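Report on one structure; see the data block that follows.
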Amino acid sequence: MADLLTHVLIVYVLLTVVSWWTDRVDPRWTAVGMAGAAIPDLVKARLLAPGYVVERILGLPFDYSAISTLGGVAFVAGVITAAFGRRYWKRAYIFLVCGGFCSLVGDGLRTFADSHSTSWLYPLTWWRPPTPNLYVTADYRVTVLVVVVAAVVAVVDASVIDRLRSETTD
Amino acid sequence: MDLWLRAVIVLVCLCGTMGLVVNYDTNATAHDRSPSPSEVEADYGAHVGQEVLFWGQVQSVSTDTARAEIDVVTANGTLELTVTGFRATVQPGGNVQVYGTLQPAQTIAADDVVVVNPAGSSRLYKYGVSLVGALLVLVQFFRHWRIDRDRLAFEGRTDG
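Read top to bottom, the protein sequences are chains A and B. Note that this note's numbering has the first sequence beginning at -5, numbered continuously upward. Note that this note's numbering has the second sequence beginning at 702, numbered continuously upward.
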């Protein structure tokens, strides 16, 4: 799992850059996408209540890993979507799922000793897609790189793009 | 009416999530290409010669002999293993992935070792950075959204 900050900033960068070309994406929906990027990180709930503890309490098999998959993102995004006012449902769900998907793809590029990432396409398939072994989460250089890129995008967005927008509306 | 529909959606999605979490645990090991630590612990001899991919915490490393002792978490506790062909820079307390062949006498002959956390402190770094990420999401979200107390729903701070 790349750290949560990296996940969230990658989606911030992608959606902010997309917003330069289309009105369908604005800071408000970028924020929703960022929230979606955090969904796969809910597996970290295992730090508070480890899987085997939950298993004993519920009397059911239980593996948090399923949350960091396509299926997990689809259902958790549904829960969050229902918290929005009804007129936002469709867009909220799309942005949440897109954000979560980006995090899953990012995690799918991590290094695995057998060069196959997790079954993150579950429940569509149990297949573990091959990974290019780009990084491990503890590699702070990835975080630094993403923070720098996000900062540049934020500055460009606040200065250049805002000026262009006000010029076109004038 | 609206609140009922939302309650139903939340319930359905929570049940769906629960279903996945249970189903995943039930079936994941059957789809793994290599045996899980718990399976190996239950009957070590039956798995000798098989390829395994284990996550473990490093107890000690000897660079001279390219050996390391690691603890692998299982359903019942920990499995202590010796890794041979261990060529990686990591401190005791760090975490590694080991991909290799299971040998007799609680040993893995490693084909590849990936350092996940170079030291115990790397975990703290990850959790710290993730906490910053969580705060960033919350701040960014509530800059643009507010909770409508009458309808108990998120509403945009600006129209649209």
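We put the beta carbon where it would ideally sit given N, CA and C, even for glycine. All figures in this text were calculated on a predicted structure; none of them were measured in a lab.
Quick check on residue i: does DSSP put it in helix, strand or coil?
{"i": "T131/A", "result": "coil"}
{"i": "Q758/B", "result": "strand"}
{"i": "Y800/B", "result": "strand"}
{"i": "P57/A", "result": "Reading off the sequence shown, one finds Asp at residue 57/A, where the question assumed Pro. Correct three-state label for D57/A: coil."}
{"i": "G102/A", "result": "coil"}
{"i": "P124/A", "result": "strand"}
{"i": "A854/B", "result": "strand"}
{"i": "S763/B", "result": "strand"}
{"i": "V19/A", "result": "coil"}
{"i": "S785/B", "result": "Sequence check: residue 785/B is Thr here, not Ser. In this structure, T785/B counts as strand in the three-state DSSP scheme."}
{"i": "V753/B", "result": "strand"}
{"i": "M(-5)/A", "result": "Model confidence at M(-5)/A stands at a pLDDT of 44, short of 50, so the residue's coordinates are unreliable; what they give is reported in the following sentence. Correct three-state label for M(-5)/A: coil."}
Could you tell me the alpha carbon to alpha carbon distance between residue i and residue j, rounded to whole angstroms?
{"i": "T785/B", "j": "F755/B", "result": "14 Å"}
{"i": "L118/A", "j": "T764/B", "result": "43 Å"}
{"i": "T783/B", "j": "D733/B", "result": "23 Å"}
{"i": "S737/B", "j": "V840/B", "result": "40 Å"}
{"i": "V647/B", "j": "Q758/B", "result": "There is simply no residue 647/B to check, as chain B begins at 702 and stops at 861 in what is shown."}
{"i": "R81/A", "j": "V817/B", "result": "44 Å"}
{"i": "G717/B", "j": "G94/A", "result": "17 Å"}
{"i": "V142/A", "j": "V11/A", "result": "15 Å"}
{"i": "A729/B", "j": "V67/A", "result": "18 Å"}
{"i": "R18/A", "j": "R159/A", "result": "15 Å"}
{"i": "V154/A", "j": "D20/A", "result": "16 Å"}
{"i": "L832/B", "j": "V37/A", "result": "14 Å"}
{"i": "F106/A", "j": "F842/B", "result": "33 Å"}
{"i": "H845/B", "j": "T802/B", "result": "53 Å"}
{"i": "T112/A", "j": "Q798/B", "result": "13 Å"}
{"i": "M(-5)/A", "j": "V711/B", "result": "Bear in mind that a pLDDT of 44 at M(-5)/A, under 50, signals an unreliable position, so the model cannot answer this."}
{"i": "F69/A", "j": "S739/B", "result": "29 Å"}
{"i": "A743/B", "j": "P55/A", "result": "18 Å"}
Based on Cα-Cα distance, which residue from the options lies nearest to residue i?
{"i": "T808/B", "options": "A789/B, T859/B, A776/B and Y745/B", "result": "Y745/B"}
{"i": "L41/A", "options": "L853/B, V840/B, L839/B and L825/B", "result": "L825/B"}
{"i": "R788/B", "options": "A811/B, P736/B and Q760/B", "result": "A811/B"}
{"i": "D57/A", "options": "R858/B, A835/B, V762/B and V722/B", "result": "V722/B"}
{"i": "R85/A", "options": "V833/B, S831/B and G857/B", "result": "G857/B"}
{"i": "L103/A", "options": "G66/A, L9/A, A71/A and Y129/A", "result": "Y129/A"}
{"i": "P34/A", "options": "V141/A, F78/A, D108/A and L64/A", "result": "L64/A"}
{"i": "Y725/B", "options": "V146/A, L115/A and V7/A", "result": "L115/A"}
{"i": "I88/A", "options": "S13/A, A71/A and V141/A", "result": "A71/A"}
{"i": "L836/B", "options": "L90/A, A29/A and W15/A", "result": "A29/A"}
{"i": "T162/A", "options": "H1/A, V7/A and W14/A", "result": "W14/A"}
{"i": "Y6/A", "options": "W83/A, F106/A and C92/A", "result": "C92/A"}
{"i": "A820/B", "options": "A708/B, Q760/B and T779/B", "result": "Q760/B"}
{"i": "G795/B", "options": "V814/B, N777/B, P805/B and Q804/B", "result": "V814/B"}
{"i": "S62/A", "options": "L(-2)/A, P124/A, R157/A and Y46/A", "result": "L(-2)/A"}
{"i": "F855/B", "options": "G45/A, V47/A, I4/A and A76/A", "result": "A76/A"}
{"i": "V26/A", "options": "G45/A, V47/A, V2/A and A43/A", "result": "V2/A"}
{"i": "A806/B", "options": "V797/B, S823/B and E781/B", "result": "E781/B"}
{"i": "A39/A", "options": "S59/A, G53/A and Y134/A", "result": "S59/A"}
{"i": "L90/A", "options": "A148/A, V138/A, T125/A and I74/A", "result": "I74/A"}
{"i": "V762/B", "options": "V711/B, V791/B and V713/B", "result": "V791/B"}
{"i": "R122/A", "options": "D101/A, A144/A and W23/A", "result": "D101/A"}
{"i": "E770/B", "options": "A776/B, L853/B, Q751/B and P793/B", "result": "P793/B"}
{"i": "T137/A", "options": "L853/B, V830/B and I848/B", "result": "V830/B"}
{"i": "V870/B", "options": "R850/B, Q804/B and R707/B", "result": "The structure shown has nothing for residue 870/B, since chain B only spans 702 to 861."}
Please list the terminal residues of the continuous beta strand (DSSP E) segment that includes residue i.
{"i": "D849/B", "result": "W846 to D849"}
{"i": "R734/B", "result": "First-last for R734/B: undefined, no H or E at that position."}
{"i": "I809/B", "result": "T808 to N818"}
List, in chain order, every chain A residue whose beta-carbon is nearer than 7 Å to that of residue i.
{"i": "Q804/B", "result": "Under the 7 Å cutoff, chain A gives no residues; its nearest Cβ is about 17 Å from Q804/B."}
{"i": "D703/B", "result": "R80"}
Can you pull the chain B neighbours of residue i, defined as C-beta to C-beta under 8 Å?
{"i": "Y58/A", "result": "V722"}
{"i": "A32/A", "result": "G834, A835 and V838"}
What span of residues does the alpha helix (DSSP H) with residue i cover, start to end?
{"i": "I4/A", "result": "L(-2) to S13"}
{"i": "I33/A", "result": "It is not in any alpha helix (DSSP H) - I33/A carries neither H nor E in the DSSP assignment."}
{"i": "F69/A", "result": "L64 to T75"}
{"i": "G746/B", "result": "Y745 to H748"}
{"i": "R768/B", "result": "First-last for R768/B: R768 to V774, but that is the beta strand (DSSP E), not the alpha helix (DSSP H)."}
{"i": "G778/B", "result": "Careful: G778/B lies outside any alpha helix (DSSP H) and carries neither H nor E."}
{"i": "G821/B", "result": "Premise fails: G821/B is in no alpha helix (DSSP H) and is neither H nor E."}
{"i": "Y46/A", "result": "G45 to L52"}
Mind pulling the chain B residues with CB within less than 7 Å of residue i?
{"i": "G79/A", "result": "D849, R852, A854, F855 and E856"}
{"i": "W114/A", "result": "Simply none; closest approach about 11 Å."}
{"i": "D108/A", "result": "L754 and Y800"}
Please compile the residues from chain A whose C-beta is within a distance smaller than 8 Å of the C-beta of residue i.
{"i": "S831/B", "result": "D(-3), L(-2), L(-1), D35 and K38"}
{"i": "H732/B", "result": "S113 and W120"}
{"i": "V817/B", "result": "V130, T131 and A132"}
Does chain D have any CB closer than 8 Å to the CB of residue i?
{"i": "I710/B", "result": "The displayed structure is made up of protein chains A and B, and chain D is not among them."}
Give the residues of chain B in contact with residue i, contact being defined as C-beta atoms less than 9 Å apart.
{"i": "R159/A", "result": "Within chain B, no residue comes near R159/A; the closest Cβ sits about 15 Å away, beyond 9 Å."}
Residue i touches chain A at which residues, Cβ-Cβ below 9 Å?
{"i": "L837/B", "result": "L(-2), L(-1), V2, L3, Y6 and M28"}
{"i": "H748/B", "result": "What H748/B touches in chain A: nothing, since even the nearest Cβ is about 16 Å away."}
Any heavy atom of the ligand NAP closer than 7 Å to the Cβ of residue i?
{"i": "F89/A", "result": "Although the ligand NAP was asked about, the structure shown includes no ligands whatsoever."}
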